[in-house]
Every structure is written in C-alpha cells, then in structure tokens.
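Novice:
There are 2 protein chains.
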Amino acid sequence: MVMTETIATFSPLYQQIKALILGSLQAGEWKPGEAIPSENDLAARFKVSQGTVRKAIDELASENLLVRRQGKGTFVATHHEDRVHFRFLRLVPDNGEPHYPKSKILDCKRLRAPAEIAKLLDLKAGDAVVQIERILFFSEEATVYEEIWLPGTTFKGLTTERLVDWRGPMYALFETEFATHMVRATERLRAVAADELSAKHLGIEIGTPLLAVERVSFTYGERPVEVRKAVYLTSTHHYLNELN
Amino acid sequence: MVMTETIATFSPLYQQIKALILGSLQAGEWKPGEAIPSENDLAARFKVSQGTVRKAIDELASENLLVRRQGKGTFVATHHEDRVHFRFLRLVPDNGEPHYPKSKILDCKRLRAPAEIAKLLDLKAGDAVVQIERILFFSEEATVYEEIWLPGTTFKGLTTERLVDWRGPMYALFETEFATHMVRATERLRAVAADELSAKHLGIEIGTPLLAVERVSFTYGERPVEVRKAVYLTSTHHYLNELN
DNA sequence: AAGTGGTCTAGACCACCCC
DNA sequence: GGGTGGTCTAGACCACTTC
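Chains as they are written, first to last, in full-length UniProt numbering: chain W, 1 to 244; chain P, 1 to 244.
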C-alpha cells in the first residue's frame with residue numbers, strides 16, 4: 001500500500017483499503033449478492049496484512065454494505081433475501097408479528113422535476129424524473145399512500161408494467177434492473193391532517209391525523225437517488241424506532 | 001481467563017471480558033464520566049492480551065456505553081457534557097440549527113402504577129411510581145407536552161423542586177442523583193388529534209394533528225426504568241431519523 | 001518522558017461450510 | 001480436506017495528552 005503523497009492527506013491504512021473496496025463496490029466490480037474476494041486475496045492484492053483488510057471489511061459490514069458469513073465468505077449486501085426489510089420500512093402492527101405489505105401501483109410517469117425535488121436529488125429544476133404513486137396494504141387495509149421520485153436518467157426504462165409485475169421489495173427491483181443499491185436514508189416525520197387525495201386513497205375522512213414521512217435515500221458515495229413523500233395511517237400500526 | 005464450565009456455555013473470550021466490564025459498569029465500580037482502567041491494566045487483571053480487551057471495549061464503545069479518547073483513556077458514557085442530546089430527542093427545527101429546548105415542569109407526584117405502565121416498567125400494577133408532567137419550549141414556543149413515569153423505589157427522593165432547579169438534561173439528573181444511566185430506548189410513533197389537555201398545554205386547537213411519541217428507556221442490563229408519553233407539535237419542527 | 005488509545009503485522013488455532 | 005471468516009496472541013510503532 002502506497003501512502004498518498006499530497007499534503008495533509010493522512011489516513012490509516014485500513015481506511016485507504018476501505019475506500020478502495022468502496023470504489024470497487026461503486027464501480028460494480030462485485031454485484032449485490034455476490035461474494036467479494038477472501039480476506040487473504042484482498043490482503044495480497046493490496047499488499048497489506050490480513051488483519052488490516054479485516055478491519056476495513058468490519059467497518060463496511062457495520063455500515064451494512066457487506067455481509068460476512070462464516071465459512072462461506074463476505075458478500076455484497078442486497079435487498080433481495082434481506083430478511084430485514086424493516087430497516088427501511090419502520091411501520092409495524094400494534095399487535096402481532098410484522099409482515100411485508102402488498103403494494104398497489106397507481107401510476108408511474110415521467111415529468112420534469114419540481115424545484116424542491118430537484119434540490120433533494122441533486123438535479124436541476126426541470127430535469128427528467130420518474131414519479132411513482134402507490135398504496136401499501138397491511139393485511140388488506142390501505143395503510144400507506146406515497147409518491148416516489150427518481151432521477152430520470154438512472155431509471156430510464158422504468159414502466160408501470162415493470163413495477164406491477166414485480167414481486168418483492170421495490171429496492172430489489174432498483175438493484176437488479178437499474179444497478180442502484182440503496183445504502184441509507186434520512187426520514188423526516190410530522191403529523192398532518194389527511195387532505196382529499198390521501199383520504200380518498202386510504203379510505204378515511206378528510207382531516208384524519210396521518211403520519212407524514214419524507215424520505216431521501218442514498219446509494220454508494222452519498223449520492224441521493226430517491227425521494228419519497230408518504231402518509232401513514234397509524235390507527236392500528238405505529239412507526240417503531242430504536243434509540244441507541 | 002477461565003472458561004466457564006457449565007454445559008453449552010461457549011462464548012469468545014472477548015465476549016466474556018465484555019460481560020465482566022459490563023458487570024462493573026452496572027455495579028457502579030466506575031461512574032459515568034470517570035475513566036476506566038487502561039487496556040493494559042484490564043488485560044493484566046483478566047489475564048488476556050491487550051487486543052482481546054480492546055475488542056471488548058470496541059463493542060461497548062459502539063453501543064455508546066464507553067467513550068474512547070486517544071491519549072487520555074476510556075471513559076464511562078454520561079449524559080452530562082453529551083453534545084449529542086439528539087441521540088434521545090429527535091425533534092429538530094425545519095430551518096436552522098438544532099438547539100436544546102427549555103423545560104417547564106408542571107407537576108411531579110407519587111402514585112400507584114396503572115396496569116399499562118407497570119407492565120412496561122416490569123412492575124406490578126399498584127406499585128409506587130413517580131409521574132412528571134412537563135412542557136418543552138423550542139425558541140419560546142410550547143412544542144412538546146409529556147408525561148414521564150419512573151419506578152418509585154429507584155427515584156425515591158425525586159421532588160418537583162429538584163426538577164425545577166435542575167439545569168440541563170433530565171437524564172443527567174437521573175444519572176447523578178439516582179445512579180440511573182439511560183443506555184437505550186424504544187420509541188413508538190403515531191399521528192393523533194390533539195385532545196383538550198394537549199391543546200391547552202400547547203396553545204393550539206383541539207383536533208390539531210400531533211405526533212404522539214411513546215418511549216421506554218432502559219438502563220444497564222436491559223432494565224426498563226422510564227416510560228414517556230409525549231405529543232410533539234410538528235408545524236415548525238420535525239422528527240429526524242436516520243436509516244442505516 | 002511516560003502513559004494512553006490507534007494502527008499494523010505475522011502467525012496460530014478454531015468454527016463453520018462445502019466438496 | 002481445503003477454504004472461509006472468527007478469535008487470540010505478542011510485539012512493534014504511531015499519535016495524542018499530560019507532566
């Protein structure tokens with residue numbers, strides 16, 4: 001491992017290794033679900049000790065970018081097979097076990113980004129975006145209505161049909177079809193009164209209190225690639241959050 | 001380090017060390033804000049290598065029980081000096097920098113635990129509890145109204161006066177005066193309509209949508225020691241959550 | 001200068017998985 | 001049996017803090 005030579009650029013070896021692995025992930029050298037090379041292989045490639053590679057991988061695993069499996073290898077995190085969908089959907093029933101909701105796609109169209117969305121997605125106002133509208137049903141009850149915005153260039157071939165036919169988490173579709181893996185997200189929550197549109201979609205009275213959830217999701221390299229504006233009906237479900 | 005001898009009790013050395021350190025924290029051998037012995041000292045005490053102690057401490061630090069400071073030592077986490085009060089209070093202004101709110105204590109009384117509270121606090125219905133009512137002001141605006149329940153035995157000497165006089169986070173008071181350090185918490189969120197009481201305290205109309213936040217806090221050893229039922233006014237503030 | 005945590009190495013052995 | 005990650009050790013050196 002060669003030390004960087006520009007001024008004021010010190011960082012531990014394992015951080016440099018981490019950055020290199022991150023670069024390979026971002027470049028798609030290893031795809032979600034695939035195994036990355038073994039610790040020994042990487043140590044040989046980067047000319048550092050296995051322990052140093054290990055520490056780099058440790059951090060990436062703790063950030064949920066990689067998943068270690070003893071005896072098998074280290075794998076690129078994927079939204080397929082992810083038992084923990086509740087990492088991104090925190091809505092759970094007041095009683096009983098959480099289970100994955102059914103999604104009903106209402107619409108999927110291409111339009112020009114409003115200023116607010118453009119800003120959040122790091123685009124210019126007027127740039128092409130895809131907008132999706134859908135409802136989530138928890139045990140047959142309409143519980144979530146949401147609008148999703150995506151950058152048009154990244155999600156060029158996305159159609160209503162593609163969405164409707166898809167079984168499973170939307171993020172798994174994004175990953176497989178559009179090479180976009182969601183790494184983390186930021187959510188802003190507030191209480192609002194149901195407007196006419198929300199009331200219609202959720203089958204409730206106008207004015208019913210709803211939990212408004214605004215999400216911005218990021219892929220590798222802190223690049224924002226999704227904005228969601230949702231309202232959650234919280235009469236029989238709640239948003240669960242762990243503070244550590 | 002002696003291996004435990006009961007059947008089916010395997011665990012890595014560093015996990016055993018971690019449990020021992022945790023025990024000392026729980027027993028109060030080192031108080032919040034104090035330094036624990038150096039890694040070398042602990043390695044000698046437990047007769048393991050420094051690296052093994054290091055791994056144990058790493059985990060405790062990542063769980064926010066300990067804080068490492070290079071060149072100085074490793075310290076027991078404390079709610080004093082904690083720059084990050086936003087670990088437990090996720091409400092931030094829509095615009096501008098977050099800043100700590102002012103607290104106005106309305107009441108602090110002793111009563112018998114309702115069944116629901118008792119269950120959450122691992123007590124029997126009718127056991128002694130302390131109930132606090134207060135309002136939080138964000139830049140002079142009443143924004144949060146909450147009721148707090150605490151186990152009566154642990155918080156025996158807690159009075160309204162003690163609370164009113166206290167400057168700083170309530171958890172710092174609990175830590176110093178009642179030897180109870182909050183380690184983590186679980187929050188359940190939903191949207192509700194303001195009832196008469198909430199409306200009065202927050203100076204809003206009955207029916208205004210509010211964010212209802214129910215928190216259960218835990219101290220060392222997953223022992224529940226606090227229940228909070230709060231309503232947040234989210235017209236100029238929102239609840240911020242990071243999904244990783 | 002002495003003490004602390006932070007990094008890095010090299011090597012050993014273990015636990016798990018798959019062929 | 002051979003490969004993977006997981007644990008543990010021992011020792012070296014670095015960076016930061018305090019005296």
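Note that the Cβ used here is the ideal one computed from N, Cα and C, for glycine as well.
Using 8 Å as the Cβ pair cut-off and three pairs as the minimum, do the stretch 168-180 of chain W and the stretch 178-189 of chain P touch?
Specialist: Contact fails: fewer than three Cβ-Cβ distances are below 8 Å.
Novice: Under 9 Å Cβ-Cβ, which residues of chain W neighbour Val84 (chain P)?
Specialist: The premise fails here: Val84 (chain P) is roughly 11 Å from chain W at the closest Cβ pair, so nothing lies under 9 Å.
Novice: Hey, does Val48 (chain W) have any beta-carbon neighbour from chain P nearer than 8 Å?
Specialist: no
Novice: Interface residues of chain W around Phe88 (chain P) at Cβ under 8 Å?
Specialist: Correct list: Leu243.
Novice: Are the beta-carbon atoms belonging to Ser103 (chain W) and Arg134 (chain W) less than 8 Å from one another?
Specialist: yes
Novice: Below 7 Å on C-beta distance, what does Thr234 (chain W) contact in chain P?
Specialist: Arg190 and Ala191
Novice: Starting from the beta carbon of Tyr100 (chain P), find every residue of chain W whose beta carbon is closer than 9 Å, and list them in chain order.
Specialist: Residues of chain W passing the Cβ test: none, with the nearest at roughly 17 Å.
Novice: Jot down the residue ranges of each uninterrupted beta strand (DSSP E) in the stretch 123-201 of chain P, minimum 3 residues, whole runs only, in chain order.
Specialist: Counting only runs of 3 or more, we get 128-138, 141-151 and 184-193.
Novice: Using a Cβ cut-off of 8 Å (strictly closer), state whether Met3 (chain W) contacts chain P.
Specialist: Low local confidence applies: a pLDDT of 37 at Met3 (chain W) is under 50, so the model's placement there is unreliable, and no value is given.
Novice: So, does the stretch 192-202 of chain P touch the stretch 224-231 of chain W, judging by three or more C-beta pairs under 8 Å?
Specialist: No, the stretch 192-202 of chain P is not in contact with the stretch 224-231 of chain W.
Novice: Checking contacts by CB at 8 Å: is Ile7 (chain P) closer than that to chain W?
Specialist: Caution is warranted here: a pLDDT of 41 is assigned to Ile7 (chain P), below 50, making its placement in the model unreliable, and no coordinate value can be reported.
Novice: What's the C-alpha gap between Glu147 (chain P) and Trp30 (chain P)?
Specialist: 31 Å
Novice: Could you please give the first and the last residue of the uninterrupted alpha helix (DSSP H) stretch that includes Asp94 (chain P)?
Specialist: Unbroken run through Asp94 (chain P): none, as it is neither H nor E.
Novice: Straight-line CA distance for Leu91 (chain P) to Arg87 (chain W)?
Specialist: 21 Å
Novice: List the residues of chain P that Glu59 (chain W) touches, going by C-beta distances under 7 Å, in chain order.
Specialist: For a Cβ distance threshold of 7 Å, nothing in chain P lies close to Glu59 (chain W): the least Cβ distance comes to about 11 Å.
Novice: Alpha helix (DSSP H) containing Tyr58 (chain P): first to last residue?
Specialist: One point to set straight first is that residue 58 (chain P) is Asp, not Tyr, in the sequence displayed. Gln50 to Ser62 is the extent of the alpha helix (DSSP H) around Asp58 (chain P).
Novice: Can you pull out the residues from the stretch 114-133 of chain W whose beta carbon lies closer than 9 Å to at least one beta carbon of chain P?
Specialist: none
Novice: Of the choices W:Arg162, W:Leu120 and W:Ala142, whose alpha-carbon is the least far from that of Trp149 (chain W)?
Specialist: Trp149 (chain W) has its Cα closest to that of W:Leu120, out of W:Arg162, W:Leu120 and W:Ala142.
Novice: Any beta carbon of chain W sitting closer than 8 Å to that of Ala185 (chain P)?
Specialist: yes
Novice: Starting from Tyr239 (chain W), trace the beta strand (DSSP E) in both directions and tell me its first and last residue.
Specialist: His237 to Leu243
Novice: Only counting the same chain, and skipping five residues up and downstream in sequence, which positions put a Cβ closer than 6 Å to that of Arg215 (chain P)?
Specialist: Ala185, Glu187 and Arg228
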